[in-house]
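Data first, discussion second: the structure below is written as structure tokens.
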């Protein structure tokens with residue numbers, strides 16, 4: 326049997342067909358994800374002297390990243406903002422997902438989901454700018470509150486600081502949190518809720534003993550989907566964060582494009598990835614009790 | 009076998025109606041279910057049996073009428089405060105909890121210590137034959153085991169009434185038969201009233217003390233199994249429970265409690281008044297006869313009342329043979345079941361035969 330026919334035979338096996346199916350994506354991922362990632366990791370162990378890269382292996386960047394208080398505080402602030410965004414988004418998304426899943430007629434659910442995605446119809450950048458207008462010193466929020474007599478002078482803590490970043494990001498990521506929570510709530514067999522009530526629990530306790538534990542996979546997915554990208558968000562802190570809301574991504578940008586220190590930028594990027602990865606892993610492990618395989 | 013009046017009604021249904029918008033799901037249900045009774049609600053899908061069960065459990069509000077549980081009107085009482093527990097059709101075993109946690113779910117407010125709870129859970133699992141399964145994850149159980157967990161979880165709370173919503177329909181035949189006898193044993197052991205919803209007439213006959221046959225939101229007949237089988241209240245009940253032959257008949261006269269009936273193919277018959285559940289006005293009617301109430305006469309056999317006919321179809325089941333026989337002068341076939349015994353031949357299609365019949369086995373629908 327010739328080699329070519331052996332090859333085409335191999336392509337007809339299940340594994341072969343699977344490889345053919347994923348090869349475009351795999352190629353794409355290797356070119357645009359694995360290769361840049363590898364170069365970032367390599368770069369983080371090198372140094373740059375003005376325009377030339379020194380390719381001798383060194384851990385100097387890492388020791389600087391760990392000891393310099395500026396990097397440390399930016400990283401810490403990024404994680405704090407990201408966790409706040411995650412908490413706010415998930416807490417606000419859960420009631421919405423719950424409402425759509427439990428209180429909207431089945432025929433109307435897709436309409437509701439469609440409406441929830443409306444924020445995506447405009448560009449991310451425009452939405453961030455809109456928040457800058459809404460939260461501005463003389464913007465509608467302050468105007469309304471002053472008009473109602475709730476406050477005497479405009480609030481200054483709602484724009485150009487980390488609060489503004491949290492508000493803006495929470496809004497931007499809301500649909501990403503609502504959808505996975507909605508899906509996990511939809512999957513809950515309604516007879517579980519009836520069984521809990523039949524066994525003597527009130528509706529409130531049924532929620533805490535049955536609905537919430539069964540929704541944990543969706544809540545976890547929502548938390549990860551919101552937390553992972555927000556740690557490294559660059560546009561929002563730049564536009565609404567002011568100096569108090571600057572995050573690690575802004576520093577990475579500054580290192581690479583303003584300070585001509587690409588290795589330091591790469592080191593901070595790798596550090597960010599490690600921290601995000603650890604938090605994500607911790608979240609997954611903490612919720613394992615509720616997310617283990619079930620039929 | 010005569011109408012066995014239950015000792016004390018634990019559930020009283022008075023004129024229970026339920027509307028879903030324009031749809032009239034329950035049309036005036038009246039019944040009393042006794043303490044310690046195994047009661048079945050039997051009917052085809054959409055007859056309202058599950059709605060009635062859910063109304064008793066408190067998951068459905070009724071539109072009018074009353075449901076009394078142990079003498080108390082259940083109007084406005086939510087499911088968690090009713091002395092009933094339910095075994096759901098899907099079993100509804102909580103997938104995030106272990107077997108023991110599932111069984112002990114309802115004990116949170118029972119005022120038991122942890123050790124006491126653990127003992128109660130262990131006993132409940134023992135009772136349903138799942139001793140030692142407490143630590144298993146709920147999702148690792150088979151269908152039959154889930155059913156047992158659902159039973160233990162409900163019975164551990166010692167309800168006054170256990171409600172079972174088609175609990176056996178998801179099991180395979182062998183498992184179903186095993187669970188049928190086990191449910192019966194369990195019910196006798198705990199002495200609690202069981203209300204079983206089923207569409208399987210055989211299951212209802214096997215398990216129940218009394219059966220309510222429901223059609224279109226109404227109880228068509230409420231009787232013990234034997235009475236239901238022997239004296240169906242209507243042609244529809246007769247058709248639904250087991251197999252029944254129908255032959256047109258003419259009601260000739262009624263005299264001193266006896267009915268004279270002329271049945272083409274069989275001849276004249278004299279029936280007791282009790283054999284006719286409805287009014288027996290002279291004129292056209294119909295008689296019902298179970299397949300085992302007719303007997304094929306083989307060579308040399310004879311009987312008091314004999315009707316000649318021809319075998320139209322033979323269905324061989326191993327232990328039984330079913331013959332479709334066209335009696336001379338009858339407008340339709342009747343089915344006759346015969347046990348296959350040593351030395352007894354199986355007739356062939358087209359053979360002439362004679363059937364022995366007995367007027368005592370007939371039911372007359374006027």
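Protein chains in written order, with the working numbering: chain A, 326 to 620; chain B, 9 to 374. For glycine and all other residues, C-beta sits at the position ideal for the given N, C-alpha and C. Here the structure is a predicted model, which is why all the values come from computation and not from measurement.
- Taking 8 Å as the upper bound on Cβ-Cβ separation, chain B lies near residues 514, 516, 517, 519, 520, 521, 522, 523, 524, 525, 526 and 527 of the stretch 512 to 527 of chain A.
- Excluding the 5 residues flanking it on each side, residue 482 of chain A has same chain C-beta neighbours closer than 7 Å at 488, in chain order.
- Contact of residue 94 of chain B with chain A by beta-carbon distance below 7 Å involves 523.
- Closer than 7 Å to the CB of residue 538 of chain A there is at least one CB belonging to chain B.
- For residue 335 of chain B, the three-state secondary structure derived from DSSP is strand.
- Contacts between residue 106 of chain B and chain A, judged by CB atoms closer than 8 Å, are missing: the closest CB pair is about 11 Å apart.
- For residue 161 of chain B, the C-beta contacts it makes with chain A under 9 Å involve 520 and 524, in order along the chain.
- The criterion of a C-beta distance shorter than 7 Å is satisfied by residue 344 of chain B and residue 304 of chain B.
- With at least 16 other beta carbons inside 10 angstroms of its own, residue 57 of chain B counts as buried.
- If you draw a straight line from the Cα of residue 547 of chain A to the Cα of residue 417 of chain A, it comes to about 11 Å.
- DSSP places residue 550 of chain A inside the alpha helix (DSSP H), whose first and last residues are 537 to 556.
- For residue 446 of chain A, the nearest beta carbon of chain B is not closer than 7 Å to its own beta carbon.
- Exposure of residue 150 of chain B is indicated by the presence of fewer than 16 other C-beta atoms within 10 angstroms of its C-beta.
- Burial is judged here by how many other beta carbons sit within 10 angstroms of a residue's own beta carbon; residue 341 of chain B has at least 16 and is buried.
- With the criterion set as a beta carbon lying under 7 Å from some beta carbon of chain B, the members of the stretch 530 to 559 of chain A are 535, 538 and 539, in sequence order.
- Taking a Cβ-Cβ threshold of 9 Å, the residues of chain A close to residue 165 of chain B are 524 and 525, in chain order.
- Taking a C-beta cut-off of 9 Å against chain A, the contacting residues of the stretch 58 to 89 of chain B are 62, 65, 66, 67, 86, 87, 88 and 89, listed in chain order.
- If you keep only unbroken alpha helix (DSSP H) runs of at least 4 residues inside the stretch 172 to 236 of chain B, you get 181 to 198 and 209 to 215.
- The alpha-carbon separation between residue 383 of chain A and residue 364 of chain A amounts to approximately 15 Å.
- Taking a C-beta cut-off of 8 Å against chain A, the contacting residues of the stretch 111 to 127 of chain B are 113, 114, 116 and 117, listed in chain order.
- About 19 Å separates the beta carbon of residue 53 of chain B from that of residue 216 of chain B, a gap too long to meet the 8 Å contact definition.
- In the structure shown, residue 447 of chain A adopts coil according to DSSP, grouped into three states.
- For residue 164 of chain B, the closest alpha carbon among the candidates B:176, B:134, B:145 and B:228 is that of B:134.
- Contact annotation for residue 98 of chain B against chain A: 514 and 516 [CB-CB distance below 7 Å, chain order].
- With respect to residue 279 of chain B, residue 297 of chain B sits apart: the two C-beta atoms are not nearer than 7 Å.
- Burial is judged here by how many other beta carbons sit within 10 angstroms of a residue's own beta carbon; residue 141 of chain B has at least 16 and is buried.
- Against residue 102 of chain B, the close residues of chain A are 517 and 535, in the order they occur along the chain (beta-carbon pairs closer than 7 Å).
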